[in-house]
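Participant:
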Amino acid sequence: MYNREPKPFLKWAGGKTQMLPILREYYPEGLEDGTINRYMEPCVGAGAVLFDLLSHYDLVEVTINDINKVLITCYRVMQRNVSRLISILEEWQRVYNLMTPEEQERMYYEKRDRMNHRKKKEIWGKEDELIIAAHMLFLNRTCFNGLYRENRKGDFNVPFNRIKSINFDFENMYLAGEVLKNVRILQQDFDTLTPYITSRTFIYVDPPYRPVNKAVAFTDFTKDAFNDEDQIRLGNWAKEADKLGAAILLSNSDPQSVNEEDTFFTDLYKDFEIFPVSGKRSIGSKLSSRGKTGDLLIKNQYSRLENTKIEC
Numbered sequence: 043m044y045n046r047e048p049k050p051f052l053k054w055a056g057g058k059t060q061m062l063p064i065l066r067e068y069y070p071e072g073l074e075d076g077t078i079n080r081y082m083e084p085c086v087g088a089g090a091v092l093f094d095l096l097s098h099y100d101l102v103e104v105t106i107n108d109i110n111k112v113l114i115t116c117y118r119v120m121q122r123n124v125s126r127l128i129s130i131l132e133e134w135q136r137v138y139n140l141m142t143p144e145e146q147e148r149m150y151y152e153k154r155d156r157m158n159h160r161k162k163k164e165i166w167g168k169e170d171e172l173i174i175a176a177h178m179l180f181l182n183r184t185c186f187n188g189l190y191r192e193n194r195k196g197d198f199n200v201p202f203n204r205i206k207s208i209n210f211d212f213e214n215m216y217l218a219g220e221v222l223k224n225v226r227i228l229q230q231d232f233d234t235l236t237p238y239i240t241s242r243t244f245i246y247v248d249p250p251y252r253p254v255n256k257a258v259a260f261t262d263f264t265k266d267a268f269n270d271e272d273q274i275r276l277g278n279w280a281k282e283a284d285k286l287g288a289a290i291l292l293s294n295s296d297p298q299s300v301n302e303e304d305t306f307f308t309d310l311y312k313d314f315e316i317f318p319v320s321g322k323r324s325i326g327s328k329l330s331s332r333g334k335t336g337d338l339l340i341k342n343q344y345s346r347l348e349n350t351k352i353e354c
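Numbering (our numbering), first residue to last: 43 to 354.
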């Protein structure tokens, strides 16, 4: 029906669409020959890697997870009720694009208040999930920088971005809904996912990044920020998955690009391979080639790659 591949249907801080050419070089080789036919993403976010894999590989089992309930609700509604979701957004888009700037701003804050009010319900029914997902996608398109942030009360609190008009990619939403049909979608702590791991599983982990300085410290995807204790728990979980034979790839910040004495990740993942990713989106062959780097790619020994440098 459509001659294109699905891509993320919302913006998310730290989204990996621009890094896909690099990340593909670190996919395990078993994806090509079917040795690896399962995929897991414990912190799915916008799902750039998820949609890339669903578009190019024959996977018999896919599990995605995120602790953010609103985000996961969007995936669930996209999976089972994308047509009705699109109908709601089509009407909101039509109305918004006919408004004055003042009316648009008022509509934004009304939608934000309504989503925050509805998500306070202890139990979300199917209709609640549909309405919350529609509000989330509308706010994601019209809020400042497409950012999702919660305050300590759990309220979405990102301000309006004064967008003059919106144009949802409804075709992409249909495509995303189709490829998500058979995906297991969970909303729980990552350390509960171990029962789904086998020796034929590829796990990509893209958690909230550890801040390298206060200026770039953003971990408030939910009211409970992801801290160093969580990073250590995640590292220990990755080691457990490694023992089960899974192929593992993780992304995170590179603290030594700012402070050479900050060996947090080199200590935590001392038995894994660590590759710095530069500001030019190049991969150094080893830690000594770090230069001006901002990210790390961390992988286990499942399938070694030749040292690679990529410019994009």
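Ideal Cβ positions, reconstructed from N, Cα and C, are used throughout, including at glycine.
Just so you know, these numbers come straight off a predicted model, no measurement behind them.
Is it buried or exposed for Ser293, if we count other Cβ within 10 angstroms and need 16 for buried?
Facilitator: buried
Participant: Taking Cβ positions, are Gln273 and Leu310 nearer each other than 9 Å?
Facilitator: Yes, they are a contact pair.
Participant: Would you kindly report the start and end of the unbroken alpha helix (DSSP H) that includes Phe307?
Facilitator: Element bounds for Phe307: 306-310.
Participant: Hey, could you find the ends of the beta strand (DSSP E) Asn107 is sitting in?
Facilitator: 103-107
Participant: Beta-carbon within less than 6 Å of Val119's beta-carbon, same chain only, minus the 5 sequence neighbours each way: which residues are those?
Facilitator: Apart from sequence neighbours up to five positions away, the residues of its chain that approach Val119 with a beta-carbon distance below 6 Å are Leu127, Glu171, Leu172, Ala175, ordered along the chain.
Participant: Within this structure, are the beta carbons of Asp270 and Asp296 separated by less than 9 Å?
Facilitator: If you check the CB distance, Asp270 and Asp296 do not come in under 9 Å.
Participant: Suppose the cutoff is 6 Å on Cβ atoms and the five residues either side in sequence are ignored; what does the same chain contact list for Thr59 look like?
Facilitator: Ala90
Participant: Closest by CA to Gly56, which one among Leu95, Thr236, Gln229, Asp248?
Facilitator: Asp248
Participant: Using three-state DSSP, classify Thr142 as helix, strand or coil.
Facilitator: Coil.
Participant: Quick test of the definition: if touching needs 3 or more C-beta pairs under 8 Å, does the region 106-117 touch the region 130-143?
Facilitator: no
Participant: Taking its Cβ as the centre, do 16 or more other Cβ atoms sit within 10 Å of Gln230, making it buried, or is it exposed?
Facilitator: Looking at its Cβ environment, which holds fewer than 16 other Cβ atoms inside 10 Å, Gln230 is exposed.
Participant: Skipping 5 residues on each side, what residues in its chain have a beta carbon closer than 8 Å to that of Lys223?
Facilitator: Gln121
Participant: Report yes if the C-beta distance between Tyr81 and Ile245 is below 9 Å; otherwise report no.
Facilitator: yes
Participant: Pick helix, strand or coil for Lys281, following the three-state DSSP scheme.
Facilitator: Of the three classes helix, strand and coil, the one that applies to Lys281 here is helix, per DSSP.
Participant: Taking 6 Å as the limit between beta carbons, can you name the residues of its chain near Arg183, skipping five residues before and five after?
Facilitator: Only Ile208 meet the Cβ criterion.
Participant: Please name the residue in Gln298, Ile340, Tyr99 whose C-alpha comes closest to that of Gly76.
Facilitator: Nearest option by C-alpha distance: Tyr99.
Participant: Is there a Cβ from chain B that is less than 9 Å from the Cβ of Asp170?
Facilitator: Protein chain content of the structure displayed is limited to a single chain, and chain B is not contained in it.
Participant: Could you check the C-alpha separation between Leu276 and Phe232 for me, to the nearest Å?
Facilitator: Phe232 has its alpha-carbon roughly 8 Å from the corresponding atom of Leu276.
Participant: What is the DSSP secondary structure of Gly424, counted as helix, strand or coil?
Facilitator: Nothing about residue 424 can be read from this structure; the chain reaches only from 43 to 354.
Participant: Could you give the first and the last residue of the continuous beta strand (DSSP E) run that contains Phe314?
Facilitator: Looking at the DSSP string, Phe314 is not in any beta strand (DSSP E), and its letter there is neither H nor E.
Participant: Using beta-carbon positions only, say whether Glu315 and Asn278 come within less than 9 Å of one another.
Facilitator: no
Participant: Distance check for Gly167 and Arg148, CA to CA, integer angstroms please.
Facilitator: Approximately 27 Å, taken between the alpha carbons.
Participant: In the DSSP assignment, find the unbroken alpha helix (DSSP H) run with Asn214 in it and report its ends.
Facilitator: 212-221
Participant: Given that a residue counts as buried once 16 or more other Cβ atoms are within 10 Å of its Cβ, and exposed if not, what is Asp313?
Facilitator: exposed
Participant: I'd like the list of long-range same chain contacts for Met141, defined as Cβ closer than 8 Å, with 5 residues on each side in sequence excluded.
Facilitator: Within the same chain, Met141 has close Cβ partners Met149.
Participant: In whole angstroms, what is the alpha-carbon distance linking Glu47 and Val254?
Facilitator: 35 Å
Participant: So the beta strand (DSSP E) Phe93 belongs to, where does it begin and stop?
Facilitator: Counting along the chain, Phe93 falls outside any beta strand (DSSP E), though it belongs to the alpha helix (DSSP H) covering 90-98.
Participant: Using the Cα positions of Lys111 and Tyr251, report the straight-line distance between them to the nearest angstrom.
Facilitator: The alpha-carbon of Lys111 is positioned some 19 Å away from that of Tyr251.
Participant: Report the CB separation of Lys153 from His177 in whole angstroms; it is logged as a contact under 8 Å.
Facilitator: 5 Å
Participant: With a CB to CB cut of under 7 Å and the five nearest residues on each side skipped, what residues in its chain are close to Tyr68?
Facilitator: Spatial neighbours of Tyr68 in its own chain (CB-CB distance under 7 Å, excluding positions within 5 residues in sequence) are listed in chain order as Leu291, Leu339, Lys341, Leu347.
Participant: Report the residue from Leu96, Arg66, Glu74, Leu73 whose alpha carbon sits nearest the alpha carbon of Pro50.
Facilitator: Leu96
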